[in-house]
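The next block holds one structure in the form of structure tokens; read it before the comments.
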Amino acid sequence: MQICIFTDHIGQQNFMPLSLTRPVDDLRIGILTIREKWLNWLQINHYSRLVVEYLSGEFPEGQIRINSDCLWINSRVLPNQELINRIEQLKNGDAIYIGETLAILKSDGTTSASHFNSNEVPKCSGNKVSGSGVVLTHFWDMLIHNGTEIEADLQFFNVKKLSETDTTQYFGSSPDNVFISEKATIEPNCTFIADEGPIFIGDHAVIEAGSVIRGPVAICDHAIVKSSARIGDGTTIGPVCKAGGEITNSIFHSYSNKSHDGFVGNSIIGQWCNFGANTITSNLKNDYHPVRLRNWKTKEYFEGGVQFFGTVMADHTKTAIHTKLNTGTVCGVSTNILSSKFTPAIIPSFTWLSDNGTMDYRIEKAISAMKAMMKRRSVEMNSEYESMIRSLYEQEKGSN
Numbered sequence: 004m005q006i007c008i009f010t011d012h013i014g015q016q017n018f019m020p021l022s023l024t025r026p027v028d029d030l031r032i033g034i035l036t037i038r039e040k041w042l043n044w045l046q047i048n049h050y051s052r053l054v055v056e057y058l059s060g061e062f063p064e065g066q067i068r069i070n071s072d073c074l075w076i077n078s079r080v081l082p083n084q085e086l087i088n089r090i091e092q093l094k095n096g097d098a099i100y101i102g103e104t105l106a107i108l109k110s111d112g113t114t115s116a117s118h119f120n121s122n123e124v125p126k127c128s129g130n131k132v133s134g135s136g137v138v139l140t141h142f143w144d145m146l147i148h149n150g151t152e153i154e155a156d157l158q159f160f161n162v163k164k165l166s167e168t169d170t171t172q173y174f175g176s177s178p179d180n181v182f183i184s185e186k187a188t189i190e191p192n193c194t195f196i197a198d199e200g201p202i203f204i205g206d207h208a209v210i211e212a213g214s215v216i217r218g219p220v221a222i223c224d225h226a227i228v229k230s231s232a233r234i235g236d237g238t239t240i241g242p243v244c245k246a247g248g249e250i251t252n253s254i255f256h257s258y259s260n261k262s263h264d265g266f267v268g269n270s271i272i273g274q275w276c277n278f279g280a281n282t283i284t285s286n287l288k289n290d291y292h293p294v295r296l297r298n299w300k301t302k303e304y305f306e307g308g309v310q311f312f313g314t315v316m317a318d319h320t321k322t323a324i325h326t327k328l329n330t331g332t333v334c335g336v337s338t339n340i341l342s343s344k345f346t347p348a349i350i351p352s353f354t355w356l357s358d359n360g361t362m363d364y365r366i367e368k369a370i371s372a373m374k375a376m377m378k379r380r381s382v383e384m385n386s387e388y389e390s391m392i393r394s395l396y397e398q399e400k401g402s403n
């Protein structure tokens, strides 16, 4: 069995600007990315995917093997045991729908390869099967389900429980619900509160002295939680991130830094972002009305009835000290926020925002800054990544 991951129109529209620099299946929710979840649930390692052309260098499409049946999987769908059970009963041509959404379709290798080469998903020619599960529609769905996905992802990690380790130098409640890699470092006087959900600490992660973590929380591989940090429930700190101050119900993708005091709540942060000291996100309106976001593509406002929502921050965005991110702010790729005022609803990609307004971030300067930050983490920008950024620059600046 093999899989091919596709993104439908809703996925293409609603997860920008995070999906400007990655396929939707590369979004992280819980401990793993969506793609990693499916590979683990299905116990396979071969995959292909349909991606837009400018992403295909950094995120290869792969290849479909004609001698093996293929599961076409919607990148907005999260796996669960019920879906896995239904997959086992599918015949070629059958499809699983969750509501009106095509979630999974099974096809033979030859048909799949033909459609893959045409950059299209096969049609359901067999039975339409009703399934149940999470279909991500908007950003807030990621935050709503992050805690339960942390718990679901734990089955794929072999880590010790806090109750099985030496607990003399840190404190915990529900120690059977705290899972710590043997390769992690826990400094003295840390507190783990897992009564309401599990806490996962990955390989080579460091929890510095005095930190308080309230589950469900995932601290991924090589992440650092700074001294006296407060990490609240529903939070994922992605690989090689630094987390300090107060963070709650937020997802940080890899290599992003919030080392200092300040508050980030109900927010989704991309890769290679940096928060200046005392940056604060507003996640609740003063009138308690539901938070509205602006669609990146259409610029239209929409709301989902959620009262708490902070910021969506795409890759390579940076804030100055004491930045105030307004409720529902959406920051594009490679934005620099220097304003002392509250931020607007949308900050376009490759933009500097100051009290004097906005100005374009020249592409050579932007790439130079990206390379400098990546070098600090011993990562070298390859030609495929640079080509992706340059193509995105032309695309984004041409649309504004």
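Mapping of the sequence shown onto this note's numbering: residues 4 to 403, in sequence order.
Beta carbons: idealized from backbone N, C-alpha and C, even for Gly.
These numbers come from a predicted model, not from an experiment.
Under the three-state DSSP convention, the category MET316 falls into: Counting from one through the sequence shown, the residue named residue 316 turns up at place 313. In this structure, MET316 counts as strand in the three-state DSSP scheme.
If contacts are defined as beta-carbon pairs under 8 Å, then LYS109 and LEU86 qualify, I think. What distance do you get, rounded to the angstrom? Stepping through the sequence shown from its first residue, residue 109 is reached at position 106. Stepping through the sequence shown from its first residue, residue 86 is reached at position 83. The C-beta distance from LYS109 to LEU86 rounds to 12 Å, too long to meet the 8 Å contact threshold.
Is it true that the segment 311-320 meets the segment 332-346, where meeting means three or more beta-carbon pairs spaced less than 8 Å apart? yes
Complete alpha helix (DSSP H) runs within the segment 5-64 (minimum length 4 residues, chain order): 12-17, 37-45
For ASN43 and GLY60, I'd like the C-alpha separation in whole angstroms. Residue numbering aside, residue 43 sits at position 40 when the sequence shown is read from its first letter. Residue numbering aside, residue 60 sits at position 57 when the sequence shown is read from its first letter. Each residue's Cα considered, the two are about 25 Å apart.
Expressed to the nearest angstrom, what Euclidean distance is found between the alpha-carbon atoms of MET362 and THR338? Taking the sequence shown and counting its residues from 1, the one referred to as residue 362 is at position 359. Taking the sequence shown and counting its residues from 1, the one referred to as residue 338 is at position 335. Near 10 Å, if we compare the C-alpha coordinates of THR338 and MET362.
Take the Cβ of THR301 as the centre, count every other Cβ of all protein chains shown within 10 Å, and call the residue buried at 16 or more, exposed below. Sequence index remark: in the sequence shown, residue 301 carries index 298 (1-based). Counting Cβ neighbours within 10 Å, THR301 comes out exposed, since fewer than 16 surround it.
Rounded C-alpha distance that separates ARG380 from GLN158: For the purposes of this step, residue 380 is taken as the residue at position 377 of the sequence shown. For the purposes of this step, residue 158 is taken as the residue at position 155 of the sequence shown. ARG380 and GLN158 have their C-alpha atoms roughly 30 Å apart.
Pairwise C-alpha distance: GLN274 and PHE119: As a working note, residue 119 is residue 116 in the sequence shown. As a working note, residue 274 is residue 271 in the sequence shown. Here the alpha carbons of GLN274 and PHE119 stand approximately 29 Å from one another.
With a threshold of 8 Å, are at least 3 pairs of Cβ atoms found where one atom belongs to the segment 184-193 and the other to the segment 251-260? Segment contact: the segment 184-193 against the segment 251-260, fewer than three CB-CB distances shorter than 8 Å; contact not assigned.
Does DSSP classify MET384 as helix, strand or coil? The residue labelled residue 384 in the question sits at position 381 within the sequence shown. MET384: coil per DSSP, three-state reduction.
With distances taken from CA atoms, which of VAL267, HIS319, ILE324, CYS193 is nearest THR330? Residue mapping note: residue 330 aligns to position 327 of the sequence shown, counting from 1. When each option's Cα is compared against that of THR330, the closest is VAL267.
With 16 other Cβ atoms within 10 Å as the buried cut-off, status of LYS126: Here the question's residue 126 lines up with position 123 in the sequence shown. That one is exposed.
Could you give the residue range of the beta strand (DSSP E) that holds ILE324? One-based indexing of the sequence shown puts residue 324 at position 321. Segment: none, ILE324 is in no beta strand (DSSP E) and carries neither H nor E.
Quick check on the DSSP output: the alpha helix (DSSP H) that includes GLY112 runs from which residue to which? By one-based count along the sequence shown, residue 112 stands at place 109. 112-120 is the span of the alpha helix (DSSP H), which, as asked, contains GLY112.
Cutoff 7 Å; reference SER177; Cβ partners in own chain excluding five residues on either side: Counted from its first residue, the sequence shown places residue 177 at position 174. Excluding positions up to five away in sequence, the list reads ALA197, ASP198.
Return helix, strand or coil for HIS197, following the three-state DSSP convention. On the sequence shown, residue 197 is found 194 positions in, with the first residue counted as 1. Per the sequence shown, the amino acid found at residue 197 is Ala instead of His. In this structure, ALA197 counts as coil in the three-state DSSP scheme.
ARG365 burial status per 10 Å Cβ neighbour count (16 or more: buried): Walking along the sequence shown from the start, residue 365 turns up at place 362. Its Cβ having fewer than 16 others within 10 Å, ARG365 is exposed.
Host beta strand (DSSP E) of ASN143 (start-end): In the sequence shown, the residue the question calls residue 143 occupies position 140. According to the sequence provided, residue 143 is Trp. The question's Asn does not apply to it. TRP143 -> not in any beta strand (DSSP E); alpha helix (DSSP H) instead, spanning 142-147.
When we look at the beta-carbon of GLY360 and count the other beta-carbons within 10 Å, is it buried (16 or more) or exposed? Within the sequence shown, numbered from 1, the residue matching residue 360 stands at position 357. Exposed, by the Cβ-count rule.
For the beta strand (DSSP E) containing ARG89, list its first residue and its last residue. Position 86 of the sequence shown, counting from 1, holds the residue named residue 89. Element bounds for ARG89: not the beta strand (DSSP E) but the alpha helix (DSSP H), 84-90.
Span of the alpha helix (DSSP H), counted from its first residue to its last, around ILE370: Here residue 370 corresponds to residue number 367 of the sequence shown, with the count starting at 1. Where ILE370 is concerned, the enclosing alpha helix (DSSP H) stretches over 366-379.
Would LEU328 and ILE283 be called neighbours here (beta carbons separated by less than 8 Å)? For the purposes of this step, residue 328 is identified with residue 325 of the sequence shown, where counting begins at 1. For the purposes of this step, residue 283 is identified with residue 280 of the sequence shown, where counting begins at 1. In this structure, ILE283 lies closer than 8 Å to LEU328 by Cβ.
Environment of HIS292 [buried if 16+ CB atoms lie within 10 Å]: Taking the first residue of the sequence shown as 1, we reach residue 292 at position 289. With fewer than 16 Cβ atoms within 10 Å of its Cβ, HIS292 is classed as exposed.
Does DSSP put ALA187 in a helix, a strand or coil? Here residue 187 refers to the residue found at position 184 of the sequence shown. Three-state DSSP puts ALA187 in coil, outside helix and strand.
Relative to the alpha-carbon of THR10, which residue among GLN66, ASP28, GLU383, THR24 has its alpha-carbon at the smallest distance? For the purposes of this step, residue 10 is identified with residue 7 of the sequence shown, where counting begins at 1. Nearest option by C-alpha distance: ASP28.
What are the start and end residues of the beta strand (DSSP E) that includes TRP355? As a working note, residue 355 is residue 352 in the sequence shown. For TRP355, the enclosing beta strand (DSSP E) starts and ends at 354-357.
ASP264: which of LEU74, SER214, GLY218, THR194 sits nearest, CA to CA? Position 261 of the sequence shown, counted from the start, is the residue given in the question as residue 264. It is SER214 whose Cα lies nearest to the Cα of ASP264.
What residues match up with LEU296 in a beta bridge as DSSP calls it? Residue numbering aside, residue 296 sits at position 293 when the sequence shown is read from its first letter. Bridge partners of LEU296: PHE305.
Cβ atoms of TRP75 and ILE107: under 8 Å apart, would you say? Counting from 1 along the sequence shown, the entry for residue 107 is found at position 104. Counting from 1 along the sequence shown, the entry for residue 75 is found at position 72. Yes, the Cβ-Cβ distance between ILE107 and TRP75 is below 8 Å.
Quick test of your reading: ASP72 and GLY136, contact by CB under 8 Å. State the CB separation rounded to the nearest angstrom. What you label residue 72 is simply residue 69 of the sequence shown in a count that begins at 1. What you label residue 136 is simply residue 133 of the sequence shown in a count that begins at 1. Rounded, the Cβ-Cβ distance is 21 Å, inconsistent with contact.
Are there 16 or more other CB atoms within 10 angstroms of the CB of GLY134, so buried, or fewer, so exposed? Here residue 134 refers to the residue found at position 131 of the sequence shown. Buried: at least 16 other Cβ atoms inside 10 Å.
Three-way DSSP call (helix, strand, coil) for ALA208 in this model: The residue you call residue 208 lines up with position 205 of the sequence shown. DSSP, read as helix, strand or coil, puts ALA208 in coil.
Identify every residue that forms a DSSP beta bridge with ILE349. The residue given as residue 349 occupies position 346 in the sequence shown. According to DSSP, ILE349 bridges with VAL333.
Can you say whether ASP156 is buried or exposed, counting buried as having 16 or more other CB atoms within 10 angstroms of its CB? Here residue 156 is taken as the residue at index 153 of the sequence shown, counted from 1. Counting Cβ neighbours within 10 Å, ASP156 comes out buried, since at least 16 surround it.
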